[in-house]
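Participant:
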Amino acid sequence: MRVLWICGLPRVVQEKALNGEDHGAHAAWSWILGHFPPPADIELHIGCFWPGGDRTKSFQFEEVTFHLVPCLKKGRALLLFQRDAHYFKELFAQIRPDIVHGWGTEDSFGLVARRLAPRRHVIGIQGLIHACYRHRPKTYRVPLMYLNESLTLRKARYIAAESQYALDCASSLATTAVKRLIEHPLRREFLAAAPSTGLAKTVLFVGNIQEGKGILDAIAAFSEAAVDEWRLHVIGRGPVPDEDRMARLVRDRGIGNRFRHSPVINVADLVQAMQESSVFILPTRVDTGPTSLKEALTLGLWPVCYDNSGPREYIHKYGFGSLAKDQDVNNLGVVLKRCLNEMPWNDESKRTALARQTREDFSRERAWEKLTAYYTSIVTSVVSR
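Position 213 of the sequence shown, counting from 1, maps to 214 under the numbering used here, and the rest follow consecutively.
1) Would you report the Cα separation of N209 and H131, rounded to the nearest angstrom?
2) Where do the N-terminal and C-terminal ends of the beta strand (DSSP E) with Q61 fall, by residue?
3) Taking C-beta to C-beta, are W104 and G128 nearer than 8 Å?
4) Where are the beta strand (DSSP E) runs, 3 residues long or more, that stay fully inside the stretch 16-88, in chain order?
5) If we ignore side chains and look at the alpha-carbon of each, how far apart do D270 and F191 end up?
6) How many Å lie between F67 and V14 at the Cα?
7) What is the rounded straight-line gap between the Cα of L174 and the Cα of R158?
8) So H185 and T292 are in contact, right, with Cβ under 8 Å, and what is the actual spacing, rounded?
9) Give the list of continuous beta strand (DSSP E) stretches no shorter than 3 residues that lie fully inside the stretch 269-293.
10) To the nearest angstrom, report how far apart L145 and R357 are at their CA atoms.
11) For L333 versus Y315, is the C-beta spacing smaller than 8 Å?
12) Considering only their Cβ atoms, is the gap separating D99 from V235 smaller than 8 Å?
13) Indicate whether I216 and F206 have their beta-carbon atoms separated by less than 8 Å.
14) In the DSSP assignment, find the beta strand (DSSP E) that holds I256 and state where it starts and stops.
15) Hey, could you find the ends of the alpha helix (DSSP H) F110 is sitting in?
16) Here's a check: name, in chain order, each residue in its chain whose Cβ is nearer than 7 Å to the Cβ of D362, leaving out the five neighbours to either side.
17) In its own chain, which residues sit with a C-beta less than 7 Å from the C-beta of L152, not counting the 5 before and 5 after it?
18) Pull up the CB-CB distance for I256 and L233, whole angstroms please, since I reckon it's below 8 Å.
19) In this structure, what does DSSP give as the bridge partners for G125?
20) Rounding to the nearest angstrom, what Cα-Cα distance links K156 and F110 in this structure?
21) Can you tell me the Cα-Cα spacing of M247 and M344, whole angstroms?
22) What are the complete beta strand (DSSP E) segments, minimum 3 residues, inside the stretch 289-350?
23) Which stretch, first to last residue, makes up the beta strand (DSSP E) that contains P233?
24) Look up H185 in the DSSP assignment and say whether it is helix, strand or coil.
25) Span of the beta strand (DSSP E) holding I7?
26) Name the residue from S59, R189, L112 and R352 whose alpha carbon lies nearest to the alpha carbon of I7.
27) Just list the residues that DSSP pairs L205 with in beta bridges.
28) Thinking C-beta only, is L154 closer than 8 Å to T203?
29) Could you have a look at K180 and say whether DSSP puts it in helix, strand or coil?
30) Alpha carbon to alpha carbon, what distance is there between E63 and W32?
31) How about L337 and A167: do their beta carbons lie closer than 8 Å?
32) So, for G239: in the same chain, excluding its five sequence neighbours on each side, which residues have a beta-carbon less than 7 Å away from its beta-carbon?
33) Can you give me the Cβ contacts of F82 inside the same chain, cut-off strictly under 7 Å, excluding the 5 residues immediately before and after it?
34) Determine the extent of the beta strand (DSSP E) in which S263 is found, giving its start and end residues.
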């Protein structure tokens, strides 16, 4: 089966396959990497926008053919992404894919997939602007993305959501689409790594340094809950004003000697950071299925999150972690303090069961088994008509 994915260029691919030259990569797209390599019966092509590029550039990476497609450097959102499918028409005609899968609705990936293949598309749901709109910065682009998402999902024929929460959110917008829950796989480095021993006195935060991910709440809760031997390690980056706010709060709370910030690290170092931690704190305002939370669970860290959206779903599903009252930073501190005192993660039977189940649920093999079955059912349905 020949499959075309439309998504952003993963940063690792830019670094390794393109010698680090800027071709538009701005995010990790870690779940995309978790699918590599594809099964032998899948010929996988991935099309990525290349803002300001001069011509389509194709190359191989881990048994996948990437295609960088030139597009406008700026202004795509102002046009409501209406020209975006046009950029991919030549590539689509060249590949002649059986299925086009657009990963997400925040940009135009889902819209492009739907327009290229009106009867043979899948729109992947990670995050939804409709779910997190009130927590997003009110730039000119966000309302345009909100409108584009509505228009894209209203006419969607097939949807694949990463979590039940994401599926439920999409269902209110895509009322006529066929929908499937297909978990994103984790990168093999996490699935192959030994879990944390649970002995380290480190609380870990991994995510964008911005209000929506709850970084300031995490720092405030830690400063109230943690005694002197505990450390807080923050991994992630964000706009300079947000990082400055984080640094000021660390100083104001007097925890500078117990605080470490790693703006960007590679996957091996991230695995090691999780292995050297015992608690994972992510007080996100809303999230569908945060990859970092799934990675932390797989490595045996005890999550502490607000009782909302995707984090609630995963903590309930695996019976591992603690939930604080939603958006209540004082309660977050109380819950974190109780966890640090009681260390509930030191239950070997729970940790063993967690490792076994998460490595199965988030495996590349499980994801492709479900994706291939879904793709096949779509192609068969179209052919039979």
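Glycine included, every Cβ here is placed at the ideal spot set by N, Cα and C.
Everything numeric in this text was worked out from a predicted model, so none of it was measured.
Facilitator: A quick look at the data gives this:
1) As a working mapping, residue 209 is identified with position 208 in the sequence shown. As a working mapping, residue 131 is identified with position 130 in the sequence shown. Distance between the alpha carbons of N209 and H131 is about 19 Å.
2) Reading the sequence shown from its first residue, position 60 is the one you call residue 61. Where Q61 is concerned, the enclosing beta strand (DSSP E) stretches over K58 to F62.
3) Working through the sequence shown from its first residue, we reach residue 104 at position 103. Working through the sequence shown from its first residue, we reach residue 128 at position 127. No; because the gap between Cβ atoms is not below 8 Å, this pair is not in contact.
4) 44-52, 58-62 and 65-72
5) Within the sequence shown, residue 270 is the residue found at index 269, counting from 1. Within the sequence shown, residue 191 is the residue found at index 190, counting from 1. Between the alpha carbons of D270 and F191 lies a distance of about 11 Å.
6) Residue numbering aside, residue 67 sits at position 66 when the sequence shown is read from its first letter. Residue numbering aside, residue 14 sits at position 13 when the sequence shown is read from its first letter. Taking the straight line from one Cα to the other gives about 9 Å.
7) Locating residue 174 in the sequence shown gives position 173, where the first residue counts as 1. Locating residue 158 in the sequence shown gives position 157, where the first residue counts as 1. If you take the alpha carbons of L174 and R158, they lie about 12 Å apart.
8) The residue you call residue 185 lines up with position 184 of the sequence shown. The residue you call residue 292 lines up with position 291 of the sequence shown. Indeed, because the Cβ distance is near 7 Å, the residues count as touching under 8 Å.
9) 280-283
10) For this step, residue 145 is matched to residue 144 along the sequence shown. For this step, residue 357 is matched to residue 356 along the sequence shown. Taking the straight line joining both Cα atoms gives about 42 Å.
11) The residue you call residue 333 lines up with position 332 of the sequence shown. The residue you call residue 315 lines up with position 314 of the sequence shown. Cβ distance not < 8 Å, so L333 and Y315 don't count as in contact.
12) Your numbering for residue 235 matches position 234 in the sequence shown. Your numbering for residue 99 matches position 98 in the sequence shown. No.
13) Counting from 1 along the sequence shown, the entry for residue 216 is found at position 215. Counting from 1 along the sequence shown, the entry for residue 206 is found at position 205. Contact flag set, yes.
14) Translated into the one-based positions of the sequence shown, residue 256 becomes position 255. Here I256 belongs to no beta strand (DSSP E), and DSSP marks it neither H nor E.
15) If you number the sequence shown from 1, residue 110 lands on position 109. Looking at the DSSP string, the run of the alpha helix (DSSP H) that includes F110 is F110 to L117.
16) Counting from one through the sequence shown, the residue named residue 362 turns up at place 361. Excluding residues within five positions, the ones whose Cβ falls inside 7 Å are E184.
17) What you label residue 152 is simply residue 151 of the sequence shown in a count that begins at 1. There are no such residues.
18) In the sequence shown, residue 256 corresponds to position 255, counting from 1. In the sequence shown, residue 233 corresponds to position 232, counting from 1. With a beta-carbon spacing of about 7 Å, I256 and L233 fall inside the 8 Å limit used to define contacts.
19) Counting from one through the sequence shown, the residue named residue 125 turns up at place 124. Note: G125 sits in a beta bridge opposite W104 and A161.
20) Taking the first residue of the sequence shown as 1, we reach residue 156 at position 155. Taking the first residue of the sequence shown as 1, we reach residue 110 at position 109. For K156 and F110, the distance between alpha carbons rounds to 14 Å.
21) By one-based count along the sequence shown, residue 247 stands at place 246. By one-based count along the sequence shown, residue 344 stands at place 343. When rounded, the distance between both Cα atoms is 27 Å.
22) 303-307 and 323-325
23) Numbered from 1 along the sequence shown, position 232 holds the residue referred to as residue 233. The residue you asked about is not Pro; residue 233 is Leu in the sequence shown. Per DSSP, the unbroken beta strand (DSSP E) holding L233 starts and ends at R232 to I236.
24) Looking up residue 185 in the sequence shown gives position 184. H185 falls in the coil class under three-state DSSP.
25) In the sequence shown, the residue the question calls residue 7 occupies position 6. Taken as a continuous stretch (DSSP letters only), the beta strand (DSSP E) holding I7 covers R3 to I7.
26) If you number the sequence shown from 1, residue 7 lands on position 6. The shortest Cα separation from I7 among S59, R189, L112 and R352 belongs to L112.
27) Residue 205 sits at position 204 when you count from the first residue of the sequence shown. The partner list for L205 (beta bridge, DSSP) reads H234 and F281.
28) The sequence position of residue 203 within the sequence shown is 202, counting from 1. The sequence position of residue 154 within the sequence shown is 153, counting from 1. With contacts defined as CB atoms closer than 8 Å, T203 and L154 fail to qualify as a contacting pair.
29) In the sequence shown, residue 180 corresponds to position 179, counting from 1. K180: strand per DSSP, three-state reduction.
30) As a first step, residue 32 must be located in the sequence shown, where it is residue number 31. As a first step, residue 63 must be located in the sequence shown, where it is residue number 62. C-alpha separation (whole angstroms): 14 Å.
31) Locating residue 337 in the sequence shown gives position 336, where the first residue counts as 1. Locating residue 167 in the sequence shown gives position 166, where the first residue counts as 1. Between L337 and A167, the CB-CB gap reaches or exceeds 8 Å.
32) For the purposes of this step, residue 239 is identified with residue 238 of the sequence shown, where counting begins at 1. The residues are N209, I210 and Q211.
33) The count along the sequence shown starts at 1 and reaches residue 82 at position 81. Closer than 7 Å at the Cβ level, and outside the excluded window around F82, lie S109, L112 and N149.
34) As a first step, residue 263 must be located in the sequence shown, where it is residue number 262. S263 -> beta strand (DSSP E) spans F260 to S263.
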